[in-house]
Amino acid sequence: MERRLAAVLIADVVGYSRMSEIDEEGTRIRFHTDLHELFEPKIATHHGRLIKTMGDGILVEFHSVVDALRCAVKIQQQKAERNAALRPEQRMLFRIGVNLGDVIVEGEDIHGDGVNIAARLESLAQPGGICISGTAFDHTVHKAEVGFSCLGEQQLKNIADPVRVYRVLLDPSEAGKVVASRLPRRRAIILATLAALLIAAAAIVFAWQWPFVPQRPSVAVLPFANLSSDAGQDYFTDGITDSLIADLTMLSDLDVIGHNSVFAYKGKPLVLADIGRDLGVRFVVEGSVQRIGDQIRVNAQLSDAASGDHLWANRFNRAAADVMAVQDELSRQIAEALGLKLTQSETERITHPPTANLEAYDYYLRAEQATRTGRRSRLLEALALFDKAEALDPGFAEAFAADAHATAYVWRSAYDDVLQSALARKRAYEKASRALALDSALSSPYAVLAVMQVVDRRYEQAVTSAQQAVSLGSADAEAHMALAYVQLFSGNHAEAGAAVDTALRHDPNLSAINRYTAGLVFYLQRDYTKAIDSFERARDGSPGNGDFVTPLAMAYVRASRLDDARATVAEGLRFLAGRDSLAAWRISNAHFRNEQDLAFILDALREAGLPEWPFGFKGNEHERLHGEEIASTVMGKLLRGKTEPSGSPALMQIERDGKAVFRSTTQMVTGTVFVNGDMLCEQSENAFGRADCGPIYRPANSPAETSYAYVNSTKVFYFSPVK
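Residues 412 to 1134 in my numbering are what the sequence shown spells out, letter by letter.
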C-alpha cells in the first residue's frame, strides 16, 4: 500500500440537488462547463492533477499546498466574475476545502484521512468560499494574496482528533490579515487590561441604569439534525424544530427568531458567534432527532452564542408516540434554563398537546413540509394531507390553522391549477373560522382573515383582525407581516413600515411573499434602496417565479435604472410566458384604498415596458368597438374562436340576460357578462370576484375564421359570433 504526503482540494456545488430538481439537464451542462472552462485550466496552471469528479464534486491532488490554495482562490474569484453576468437562477456556487495530509494511493485514485478531512472542510466553507486545515495554513500563511479567519479546533465527522480550521478571506482589502490569531504576550496583557477597565466602567454605568434597562433574553432555535438513516424523516425532524419555535414564541418574556431565518442554516456549518451576531440573539438551541422504528432519540442543548458555553443539555429516549410529551419537556426545560417564569396560561399552552392522534400529527407535519416548498405540486399535496389530519382529529386546531394559511397562499397567488379562486377563498375562510372556534388564542387564523378581509375591501375589519393576530403572537413575524399588508393596502404607510420593521426583528430572512410585501411598503414610502433590496430577496428566495421578478422593475425605474427595469420586465415575461400585464396588476391590486398608490405602481411598470394586455396584445383604436356595438355583437350569442398564444379552440356562450360560460382547453369560467362603457366585463368568482373588463376590436389581421378580438387581464380571444 503506497502512502504519500499530498495537498488535496475538494470542491462541491452548493444546492446541486435543488437546482437539478428545477432543471436537471441545464444544471448538469453548467457543471461540466465550469469543470472544463474553469477548473481544468486553473488546475493545469497550478500543477495539479484532477483525480476524478464525484457527481457534483471534484477531487484534485497537488504536490504543493501553496499551489492548491492559489488554485482554489483563482477558481472562486473567476467564478464570482462569471456569476455576476448571469441571472440568479443560472448561478452555480462552489464550496472548496484544502488539506495537507497523508493519503493512500491506489492506481490513479487517492483516499484516506487526507482526503476525508478535505471533504469535511469543504462542507464547512461558505457558498463561494474556501476552508483550509491548520496544516495547510501553516504552509500557506503570507504566501497567497488572501487573509484568514481562525475558526478554532473543529470536531469533524468521522475524524478522530479535532482539526484546526481557517476560513480564507477573499476580499483584497483583507489580504495578509489573520483574524483571531494569537497576539504577542505583552501586547495581549496590555489590551486585556484595557478591556478589563472598559468592562468595569461599563458595568458601573449599567448597574446605575439597571432599573431603566429592560432585560429580555433572545433565542434562535436552529434546525435539528436528522440522524435517522432515512432522509425521508426530515419532515419529522423539522416538525420538532418548528413546534419548539412555536412553543417558545408563545412566551411573553422571550424574543424568538422565526422559521425562515433559522432554517437558512439547515445543513450548513454552525459558528455560534456568527449566528448570534447575524440574528441578533444571545442564546442558540441546537439538537438532533433519530427515529428508529417506534422509538425516537432527541438530543438538545442551549448555548450562549457569544462564548459557546453550554447552559443546558438533555437527551430524550422515548417511544415515537410520546413525541409531543418530549416537545413539552423540551420547551419547559429551555424556558427554565433561561430563567423565565411562566404564567399559568403559558404553562397550560405548552403542556397542552395539539392532538392526541399520532397519525393525524404525522399527516400535519408532512403537510407543513410540503407547504414550505411553495411549489404548486406540493401545495396540492399539502391540502390533501391537511384533510387527512383533520378527518382523523376534528379538534386539531393547529391543523385547521395551517390549512387556512396554505389555502390563503394559494388564493392570494391565484394558483387556480391547485384550487380555483372561489373554492380557495371559501376553504380559507372556513378553515380559519374552524381553527378559532377550537382555539381562540391562535394568532395565525386572525392573520389569514386579515389578509382576506382587506382584499375584500373590509379595511376596518382587516386592521382589527391583524391587530388581534399581533396581540396573540407578538413574536410571530407572519402576524406582523399580515398587519403590514393590511396597513399598506389601507393607505397607512407609516404603520405598514413599522410592522415590517418589527417582523424583520423577529425573522430577518422573511419568506419570498413577505419580502414582496415589504418591498411594496418601502416603494410607497419612496425608500427605493430598501425596496430594491426587498424585491431582489423575494426574487432570489423563489427562483424561477416570475411573480417575484417583475416587481423589481418599478423600484429600478424610480432609482433611475431604466435599462435594468426593462431587462427585469423582459425576464418576468419570459418566466410567465407573456401572461403578465398592466391589466393583471390593475385587477389583482384593486384593493388599494388610495387609488394614487396603485397609479404610482402602474406608472413605473408602464415606463419599464410592461405591456397593457397579456401576450403583448396591442389593439388599433380605429378598429375598436363602442358600447352599443359590443352589446349587439356578443349578447345572446355563441362566440367561437381561439385563444392566443397557443391558438387552442375556445367557446364563449353569452345569454341575453348576461349569464355566460367560457370554455377553452385549459379553462372553464362561469359568471355574468355586461357592457360597461366601451368595455366588455366578465364577473365571476375568479379574479378575487372582481369584474375583468377589456375592449373588443375588429382587427384586419385577425386569424382565419375569426372576425373580432376580445382581450382582458387573462386572455386574448379571437372569435366570430355563431348566432
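For each residue, glycine too, the CB sits at the ideal point set by N, CA and C. Note that this is a predicted model, so its numbers are computed, not measured.
Using DSSP bridges, identify the partner residues of residue i.
{"i": "Gln706", "result": "Ile703, Ala730"}
{"i": "Phe1085", "result": "Cys1092"}
{"i": "Pro573", "result": "Note: Pro573 sits in no beta bridge, so no partner."}
{"i": "Cys542", "result": "Gly508, Arg578"}
{"i": "Met1063", "result": "Leu1050, Phe1073"}
{"i": "His1037", "result": "For His1037, which the question treats as bridged, DSSP gives no partner whatsoever."}
{"i": "Asp715", "result": "Phe694"}
{"i": "Val471", "result": "Leu420, Leu461"}
{"i": "Cys561", "result": "Tyr577"}
{"i": "Trp723", "result": "Leu713"}
{"i": "Asp513", "result": "Leu416"}
{"i": "Gly1105", "result": "Leu1091"}
{"i": "Phe1130", "result": "Gly1052, Tyr1119"}
How long is the line joining the alpha carbons of residue i and residue j, rounded to whole angstroms?
{"i": "Leu1016", "j": "Asn1087", "result": "26 Å"}
{"i": "Arg598", "j": "Val590", "result": "Model confidence at Arg598 stands at a pLDDT of 45, short of 50, so the residue's coordinates are unreliable; what they give is reported in the following sentence. Distance between the alpha carbons of Arg598 and Val590 is about 16 Å."}
{"i": "Glu1040", "j": "Phe1085", "result": "13 Å"}
{"i": "His670", "j": "Pro573", "result": "31 Å"}
{"i": "Cys1092", "j": "Tyr1121", "result": "10 Å"}
{"i": "Lys453", "j": "Asp445", "result": "11 Å"}
{"i": "Arg760", "j": "Asp658", "result": "8 Å"}
{"i": "His1033", "j": "Pro1110", "result": "9 Å"}
{"i": "Ala923", "j": "Thr961", "result": "13 Å"}
{"i": "Ala491", "j": "Arg441", "result": "14 Å"}
{"i": "Tyr934", "j": "Ala905", "result": "12 Å"}
{"i": "Glu451", "j": "Arg439", "result": "16 Å"}
{"i": "Phe559", "j": "Asp951", "result": "29 Å"}
{"i": "Arg481", "j": "Leu461", "result": "16 Å"}
{"i": "Glu413", "j": "Ile515", "result": "6 Å"}
{"i": "Arg627", "j": "Ser885", "result": "14 Å"}
{"i": "Arg985", "j": "Phe1026", "result": "10 Å"}
{"i": "Ala964", "j": "Arg977", "result": "7 Å"}
{"i": "Ala802", "j": "Asp850", "result": "17 Å"}
{"i": "Gly1047", "j": "Glu1116", "result": "20 Å"}
{"i": "Val1010", "j": "Val1045", "result": "The sequence shown places Ala at residue 1010, rather than the Val named in the question. Computed Cα separation, rounded: 31 Å."}
{"i": "Gln712", "j": "Val734", "result": "17 Å"}
{"i": "Arg1136", "j": "Pro680", "result": "Since the first residue shown for the chain is 412 and the last is 1134, residue 1136 is missing from the structure and cannot be characterised."}
{"i": "Leu741", "j": "Glu1006", "result": "50 Å"}
{"i": "Val667", "j": "Thr758", "result": "17 Å"}
{"i": "Thr551", "j": "Ala949", "result": "40 Å"}
{"i": "Glu947", "j": "Leu497", "result": "14 Å"}
{"i": "Phe406", "j": "Ile707", "result": "No information on residue 406 is available, as it lies outside the stretch 412 to 1134 that the chain covers here."}
Starting from the C-beta of residue i, find all residues in its chain whose C-beta is less than 8 Å away, skip the five residues before and the five after it, and write them out in chain order.
{"i": "Val682", "result": "Leu562"}
{"i": "Val484", "result": "Ile541, Ala555, Glu556, Val557, Val579, Leu581"}
{"i": "Arg1004", "result": "Arg868, Tyr870, Phe900, Ser901, Gly902"}
{"i": "Leu883", "result": "Ala852, Leu853, Ser854, Tyr857, Ala890"}
{"i": "Leu1036", "result": "Thr1044, Asp1089, Pro1106, Ile1107, Tyr1108, Arg1109, Tyr1119"}
Leaving out five residues before and five after residue i in sequence, what residues of the same chain have Cβ atoms less than 7 Å from its Cβ?
{"i": "Leu776", "result": "Tyr646, Phe647, Gly650"}
{"i": "Asp423", "result": "Asp467, Gly468, Phe505, Arg506, Glu533"}
{"i": "Gly687", "result": "Arg693, Val695, Ala716, Ala717"}
{"i": "Met430", "result": "Thr438"}
{"i": "Asp1008", "result": "Gly902, Leu935"}
{"i": "Val829", "result": "Arg787, Leu790, Leu791, Val821"}
CB-CB under 6 Å to residue i, same chain, minus the five flanking residues each way: which ones, in chain order?
{"i": "Ala614", "result": "Only weak support exists for where Ala614 lies, its pLDDT of 44 falling under 50; the value from the coordinates is given anyway. None."}
{"i": "Ala914", "result": "Ala888, His891, Met892"}
{"i": "Glu809", "result": "Pro765"}
{"i": "Tyr774", "result": "Leu796, Lys799, Ala800"}
{"i": "Ala812", "result": "Ala846, Leu853, Ser855, Pro856"}
{"i": "Thr1125", "result": "none"}
{"i": "Ile943", "result": "Ala966"}
{"i": "Ala611", "result": "Only weak support is given to the placement of Ala611: the predicted model assigns it a pLDDT of 45, under 50, and the value that follows is read from those uncertain coordinates. Cβ neighbours of Ala611 beyond the five flanking positions: none."}
{"i": "Asn925", "result": "Met892"}
{"i": "Asn1000", "result": "Leu1009"}
Is residue i close to the ligand ATP? I mean its beta-carbon at under 7 Å from any heavy atom of the ligand.
{"i": "Val1045", "result": "Questions concerning the ligand ATP fall outside what the structure shown contains, since it holds no ligand whatsoever."}
Any beta carbon from chain C within less than 8 Å of residue i's own beta carbon?
{"i": "Tyr1119", "result": "Of the chains in the structure shown, none is chain C; there is only one protein chain."}
### Message
With three or more C-beta pairs closer than 8 Å as the rule, is the stretch 1007-1027 touching the stretch 953-971?
### Response
Yes: at least three Cβ pairs fall under 8 Å.
### Message
Taking 8 Å as the cut-off, does the stretch 412-427 touch the stretch 525-539 (at least 3 CB pairs, one atom from each stretch)?
### Response
Flag = yes, the stretch 525-539 and the stretch 412-427 touch.
### Task
Determine, using beta-carbon pairs with one atom in the stretch 1050-1057 and one in the stretch 1100-1110, whether at least three such pairs fall under 8 Å.
Under the Cβ criterion (8 Å, minimum of three pairs), the stretch 1050-1057 does not count as touching the stretch 1100-1110.
#### Entry: Cβ contact check for the stretch 866-874 and the stretch 850-858: 3 or more pairs under 8 Å
Contact between the stretch 866-874 and the stretch 850-858 is not established, with fewer than three Cβ pairs separated by less than 8 Å.
### Task
Pair every Cβ in the stretch 928-943 with every Cβ in the stretch 902-919, then say whether three or more of these pairs are closer than 8 Å.
Contact holds: three or more Cβ-Cβ distances are below 8 Å.
### Message
Within 8 Å, do at least three Cβ pairs link the stretch 990-999 to the stretch 1020-1036?
### Response
Yes, the stretch 1020-1036 is in contact with the stretch 990-999.
#### Entry: Cβ contact check for the stretch 510-520 and the stretch 539-551: 3 or more pairs under 8 Å
With a cut-off of 8 Å, the stretch 539-551 and the stretch 510-520 count as touching, because enough Cβ pairs lie within range.
### Task
Can you check the stretch 642-705 for any alpha helix (DSSP H) of at least 4 residues that lies completely inside it and give the ranges in chain order?
As far as the stretch 642-705 is concerned, its whole alpha helix (DSSP H) runs of at least 4 residues are 645-660, 670-674, 683-690.
#### Entry: Contained alpha helix (DSSP H) runs [length at least 4] in the stretch 754-838, N- to C-terminal order
If only uninterrupted alpha helix (DSSP H) runs of at least 4 residues are considered, those enclosed by the stretch 754-838 are 755-762, 769-784, 787-803, 808-823.
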